[in-house]
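Residue numbers (the UniProt record's numbering), protein chains in the order written: chain U, 1 to 199; chain F, 1 to 199. Beta carbons are placed, not taken as given, at the ideal position from N, Cα and C, and that holds for glycine.
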């Protein structure tokens, strides 16, 4: 077998494993997801999976990155920037809510979000490869608004990102309220204006 | 055995079980916590635990309530209300941060917060007995400020609660930044003033 054939076969196995993990976690939930079941569904040996990933959490994480990459295969990721920050943030949060309400993503995303709470190594990977780049992307959009005078000059952009996106993430994880387009709008308006009266 | 003796013994067993669960989750983490190990530590049979609780998540939840109850055994819970909302919220968030940084509570609280993500029955219990009452307590403080003209009249108080407390919860769960007193202050100031400039 030539080395390019081997690499093609490896790539095919890798995709089969990640696709199997992503399907299985939707079907049986994260607690019952096992390396055995992923291997069986993907048609590979368990050892193949253990050679490439240290844990089922790590497999799921890569499955997640693959899925996100195929969704948004369009160069440098960026939030919309029409010059109207409020409208742009509403667009983004409404789209996020649609995704969170999609049963195909719900269970895998829950699994990822809880796994990182208990697994510091996975949390570091998550921060480096997923949360970090997404946070940068959000901060770029806020920085552009700040330069345009639409955000307070002394604003801590990390706190600002957490204030717009944090409540949504919590409401979804804790199921503590409805995730509707109106909620997205209310969140953006409240974060931008603040809790105090504006006169 | 008289029925009052039996009830005292039941209460003693219940406390032993909950204390064992709370200690063990700190020592071994939630994933390795088992009904067997709780029973062994508490000196009771496994069946005693299964008779009273449907899952280890439910045991841990009651252990948590017991611990919180002993901390704050002072009647109707309420947030401080000195008339200065900003100062009061900073006091509360700084205290919360101290608690989240306490290694005795870190692991049990992480376990509870992730368990409810996957267990809708436990999430309902959590919402009814813990999150709901705490949310009401927070809303009472905000409503008092709203009546005093310190908060916008049309503010959605649920969104307001999520905006003040949500980012802190996320930063702790995801370990995405330092939990310092300065962060508490910045969070409160940003939520109250909003991201837009105030003139």
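Distance from the CA of residue 37 of chain F to the CA of residue 30 of chain F, rounded to the nearest whole angstrom, comes to 12 Å. With 16 or more other Cβ atoms from the protein chains shown falling within 10 Å of its own Cβ, residue 56 of chain F counts as buried. At a beta-carbon threshold of 9 Å, none of the residues of chain F lie near residue 19 of chain U; the nearest stands roughly 22 Å away.
Taken through DSSP and simplified to helix, strand or coil, residue 10 of chain F comes out as helix. Contact of residue 106 of chain F with chain U is not assigned, every C-beta pair being separated by 8 Å or more. With a cutoff of 8 Å on beta-carbon distance, residue 162 of chain F and residue 167 of chain U are scored as near each other. Contact check between the region 98-114 of chain F and the region 35-54 of chain F: fewer than three CB pairs, one atom from each, fall below 8 Å, which does not count as touching. With a threshold of 8 Å between beta carbons, residue 150 of chain F makes contact with chain U. Residue 184 of chain F: member of the alpha helix (DSSP H) spanning 181-193, first to last residue.
In the three-state scheme derived from DSSP, where H, G and I count as helix and E and B as strand, residue 118 of chain U is classed as helix. As the crow flies, the alpha-carbon of residue 45 of chain F is around 39 Å from that of residue 78 of chain F. Counting every other CB atom within 10 Å of its CB across the protein chains shown gives residue 190 of chain U a total of 16 or more, marking it as buried.
The region 125-140 of chain U makes no contact with the region 137-146 of chain F; the number of CB pairs closer than 8 Å stays below 3.
Between the region 112-126 of chain U and the region 182-199 of chain U, the count of C-beta pairs closer than 8 Å stays below three; the two stretches do not touch. Near chain U, meaning a CB-to-CB distance below 7 Å, the residues of the region 121-134 of chain F are 123, 127, 131. The region 81-92 of chain U makes no contact with the region 18-34 of chain U, as fewer than three CB pairs between them are under 8 Å. Residue 188 of chain U places its beta carbon 8 Å or farther from that of residue 107 of chain U. With distances taken between CA atoms, residue 186 of chain U lies nearest to U:89 out of U:13, U:58, U:89, U:4. Following the DSSP letters along the chain, one finds residue 149 of chain U in no alpha helix (DSSP H), marked with neither H nor E. Looking only at U:156, U:93, U:124, the smallest Cα-Cα distance to residue 181 of chain U is reached by U:93.
In the DSSP annotation of this structure, the continuous segment of the alpha helix (DSSP H) that includes residue 96 of chain U starts and ends at 85-100. For residue 101 of chain U, no Cβ of chain F is located within less than 8 Å of the residue's own Cβ. The criterion of a C-beta distance shorter than 8 Å is not satisfied by residue 100 of chain U and residue 61 of chain U. The residues 80, in chain order, have a CB closer than 8 Å to that of residue 91 of chain F in the same chain once the five nearest residues on each side in sequence are set aside. Across the set F:126, F:95, F:103, F:15, the C-alpha of F:126 shows the shortest separation from the C-alpha of residue 173 of chain U. Contacts with chain U at 8 Å (Cβ-Cβ) include residue 163 of chain F. In terms of Cβ geometry, residue 156 of chain U and residue 176 of chain F do not form a close pair [threshold 8 Å]. Listed along the chain, the chain U residues whose CB falls inside 8 Å of the CB of residue 156 of chain F are 186, 190. Closest option to residue 63 of chain U, judged by alpha-carbon separation, among U:16, U:169, U:147: U:16. With 16 or more other Cβ atoms from the protein chains shown falling within 10 Å of its own Cβ, residue 170 of chain F counts as buried.
Note on the UniProt DNA-binding region "H-T-H motif" (34-53) of chain F: there is no whole beta strand (DSSP E) run with a minimum of 3 residues.
For residue 193 of chain U, the neighbours in chain F by C-beta distance under 8 Å run, in chain order, 152, 194, 196.
Residue 153 of chain F: not part of any alpha helix (DSSP H); DSSP gives it neither H nor E. Legend: CB atoms of the region 26-41 of chain U lying less than 8 Å from CB atoms of chain F belong to residues 29, 30, 31. Setting aside the 5 residues that flank it on each side, residue 43 of chain U is surrounded in the same chain by 16, each with a C-beta closer than 8 Å to its C-beta; the list follows chain order. Chain-ordered listing is empty here: chain F has no CB closer than 7 Å to the CB of residue 179 of chain U, the nearest sitting near 12 Å.
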